[in-house]
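Let me begin by presenting the structure, written as structure tokens, before commenting on it.
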Amino acid sequence: LRLDANQVWSREQAATFCEAMQTEWEAGCAALCPEHQRGDGAGAVSAPAPRWPPPALDFCEEPLMARLHAQLPAFHAQYGLRHAIDEGALPAAAEALERLAASCATSGSDGASARGGEAFRALQERLGDASCAGLILKPTLAGGLEVSARLADEASRLGKPTVLTSAFESGVAHAHVAMLASVLGGPSIAHGLSTYERLQGDTLSPAFAEAVDGDLVDVPRLQAALDATAQGLRFVNERR
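For the sequence shown, the working numbering begins at 45 and goes up steadily by one.
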């Protein structure tokens with residue numbers, strides 16, 4: 045289970061949510077497993093309550109307003125809820141894109157060129173904290189595949205996974221994000237590419253949906269679809 049607050053909560057609002065969620069979860073556990081109820085007629089505790097937060101709760105994306113991100117470690121210490129960085133990575137992504145573009149214009153792409161800026165160092169600091177569970181990237185909004193790969197590499201270096209997600213874009217973009225996910229995340233990372241389900245049509249032919257089987261995506265099939273789509277567009281342009 046993953047939650048997302050989109051940087052809109054104050055500390056008080058986030059605390060209210062966490063307290064209510066924990067209360068509901070403990071009540072549900074007690075209903076399903078009466079042995080976890082604290083106290084009986086004699087006031088004894090029959091069994092320890094399940095630990096909060098439950099293992100199935102991965103993280104909450106950006107649970108506090110951007111100006112409050114320095115409070116996230118203390119928030120984690122108080123409520124046990126780890127956060128993932130989403131919108132908070134965009135300044136570092138913009139900085140990395142600018143530095144990569146400057147590097148390519150002068151001496152060619154350099155792996156170190158995406159690093160070293162103020163925003164990048166701020167992202168490193170957040171990723172390195174125990175309260176951070178990982179990095180969320182939308183490659184089409186973060187400056188492309190190369191920038192996303194550089195940021196994901198830094199997250200991995202600091203021991204944090206990267207989850208790639210999609211915006212509302214065609215199967216062409218979805219295919220490229222899925223390919224990047226296949227080499228970055230590993231089999232245990234669940235990426236978020238389901239926005240294709242909201243589209244009435246698809247530029248990719250065959251459509252991205254045809255490469256999806258349950259929770260898995262057939263990446264070689266996507267490569268074939270990209271090749272076929274490119275060939276079809278080439279044919280149309282040649283006939284004009």
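Quick reminder that beta carbons are idealized off the backbone N, C-alpha and C, glycines included.
List the DSSP bridge partners of residue i.
i: residue 128; result: 105, 178
i: residue 150; result: Paired residues: none, contrary to the question.
i: residue 260; result: 257
i: residue 236; result: 209
i: residue 48; result: 105
Quick one: is residue i buried, meaning 16 or more other Cβ sit within 10 Å of its Cβ, or exposed?
i: residue 257; result: exposed
i: residue 280; result: exposed
i: residue 224; result: buried
i: residue 105; result: buried
i: residue 143; result: buried
i: residue 273; result: buried
i: residue 183; result: buried
i: residue 136; result: buried
i: residue 44; result: This structure cannot speak to residue 44, because the chain is shown only from 45 to 284.
i: residue 232; result: exposed
i: residue 278; result: exposed
Does the distance from the CB of residue i to the CB of residue j come in under 8 angstroms?
i: residue 128; j: residue 167; result: no
i: residue 96; j: residue 72; result: no
i: residue 171; j: residue 211; result: no
i: residue 103; j: residue 58; result: no
i: residue 214; j: residue 239; result: no
For residue i, I'd like the list of residues in its chain whose CB is within less than 7 angstroms of its CB, leaving aside the five on either flank, ordered along the chain.
i: residue 139; result: 161, 163, 164
i: residue 190; result: 144
i: residue 265; result: 255
Under 6 angstroms Cβ to Cβ from residue i, same chain only, skipping five residues before and after it: list those, please.
i: residue 134; result: none
i: residue 262; result: 255
i: residue 51; result: 106, 109, 110, 131
i: residue 196; result: 206, 228
i: residue 61; result: none
i: residue 174; result: none
i: residue 221; result: 183, 208, 210
Please look up how many angstroms separate the CB atoms of residue i and residue j, rounded, as I've assumed it's under 8 angstroms.
i: residue 206; j: residue 217; result: Not confirmed; about 17 angstroms, so no contact.
Please work out which residues of its chain come closer than 8 angstroms, Cβ to Cβ, to residue i, disregarding the five sequence neighbours upstream and downstream, and give them in chain order.
i: residue 241; result: 253
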